[in-house]
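In our numbering, each residue carries its 1-based index in the sequence shown increased by 12. C-beta atoms are modelled at their ideal positions from N, C-alpha and C, and glycine is treated no differently. Heads up: the structure comes next, in structure tokens.
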Amino acid sequence: MNFLKNLIIFFGTILLYLHIYIHFKISSINEFSQINNQDDLSKQKIMTTIYYKLPFVFDGTNIIKPFDLKEIKDKDKNAKSNEKIYKKTYEKMALLEPSVRFFTKDSVYELKKNKITLHRNLECRNFYLVHTGKVIIYCIHPKYKNKIDEINKINDINSESKSESKSEKMKMKEIEKFVENDDILRVELYPNSILFVPNYWYVCIKGLEKSVVEKVQYKTILNEVNFLYDRIHQKYSL
13 MNFLKNLIIF FGTILLYLHI YIHFKISSIN EFSQINNQDD LSKQKIMTTI
63 YYKLPFVFDG TNIIKPFDLK EIKDKDKNAK SNEKIYKKTY EKMALLEPSV
113 RFFTKDSVYE LKKNKITLHR NLECRNFYLV HTGKVIIYCI HPKYKNKIDE
163 INKINDINSE SKSESKSEKM KMKEIEKFVE NDDILRVELY PNSILFVPNY
213 WYVCIKGLEK SVVEKVQYKT ILNEVNFLYD RIHQKYSL
């Protein structure tokens with residue numbers, strides 16, 4: 013009986029470790045992955061491709077659910093001056109959802125032509141769904157974190173002597189210069205395109221015309237470890 017109990021604990025510990033490892037894993041490869049045979053898209057195929065921890069694009073014609081932007085009145089008050097973000101009520105998308113218990117965050121970005129926005133996600137699943145318009149999305153590998161931090165630091169210094177909006181514009185110009193680097197992944201997306209981006213990657217979205225992009229994020233219970241680690245890292249400047 014004790015042997016069986018110890019065996020269950022042993023394998024349970026290994027399983028827990030593997031799940032936490034997957035949440036923290038960052039691929040050293042800086043390229044897009046692909047889903048094989050998109051004509052037969054399934055939840056299993058999407059999940060398998062997610063485990064490569066690389067960005068990938070697929071057709072979301074049968075996944076994306078249209079909505080009227082005018083009916084979404086809950087704006088994000090913390091949005092920067094160069095972006096307009098709405099908080100949307102999540103609608104079930106079975107193909108994108110994890111197979112374990114999860115929490116969701118659904119945001120809508122209304123982008124003007126040539127305006128860019130930058131963010132970093134800790135959620136284990138981050139999907140960008142293009143509803144209207146045309147955008148370029150730059151996927152910045154975590155290995156460039158120091159460069160992004162450097163740009164943010166300069167922005168913080170400038171904000172002390174300039175207005176927040178001017179400081180933010182300067183930051184976005186520096187980001188825009190940086191993402192033009194040949195080593196930065198980029199993809200041009202059109203309506204009904206879906207892009208997956210792993211956690212810890214930075215994402216820079218630029219509207220090539222007036223566009224609406226929905227970001228759907230899934231966070232699992234074990235994913236909370238990433239958020240806890242990030243808070244500790246920031247608090248103690250590790």
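For residue i, count neighbouring C-beta atoms within 10 Å of its own C-beta (all shown protein chains included) and say buried if the count is 16 or more, exposed if not.
| i | result |
| --- | --- |
| residue 232 | buried |
| residue 82 | exposed |
| residue 214 | buried |
| residue 221 | exposed |
| residue 24 | exposed |
| residue 187 | buried |
| residue 41 | exposed |
| residue 120 | buried |
Let's see if you can read the secondary structure: which residues bound the alpha helix (DSSP H) around residue i?
| i | result |
| --- | --- |
| residue 242 | 236-248 |
| residue 17 | 14-36 |
Taking the CB atoms as reference points, tell me whether residue i and residue j lie closer together than 7 Å.
| i | j | result |
| --- | --- | --- |
| residue 143 | residue 224 | yes |
| residue 151 | residue 203 | no |
| residue 237 | residue 118 | no |
| residue 219 | residue 127 | yes |
| residue 191 | residue 138 | no |
| residue 102 | residue 116 | yes |
| residue 47 | residue 61 | yes |
| residue 141 | residue 43 | no |
| residue 163 | residue 198 | no |
| residue 154 | residue 38 | yes |
| residue 235 | residue 35 | yes |
| residue 114 | residue 230 | yes |
| residue 63 | residue 45 | no |
Along the chain, where does the beta strand (DSSP E) containing residue i start, and where does it finish?
| i | result |
| --- | --- |
| residue 57 | Note, residue 57: premise wrong, no beta strand (DSSP E); alpha helix (DSSP H) at 55-62. |
| residue 97 | 96-99 |
| residue 196 | Note, residue 196: premise wrong, no beta strand (DSSP E); not H, not E. |
For residue i, verify whether its CB is less than 6 Å away from any heavy atom of the ligand COA.
| i | result |
| --- | --- |
| residue 131 | The ligand COA is not part of this structure, which contains no ligands at all. |
Tell me the DSSP bridge mates of residue i?
| i | result |
| --- | --- |
| residue 137 | 230 |
| residue 218 | 128, 148 |
| residue 2 | Residue 2 is absent from the structure shown; the chain starts at 13 and stops at 250. |
| residue 207 | 69, 140 |
| residue 123 | 223 |
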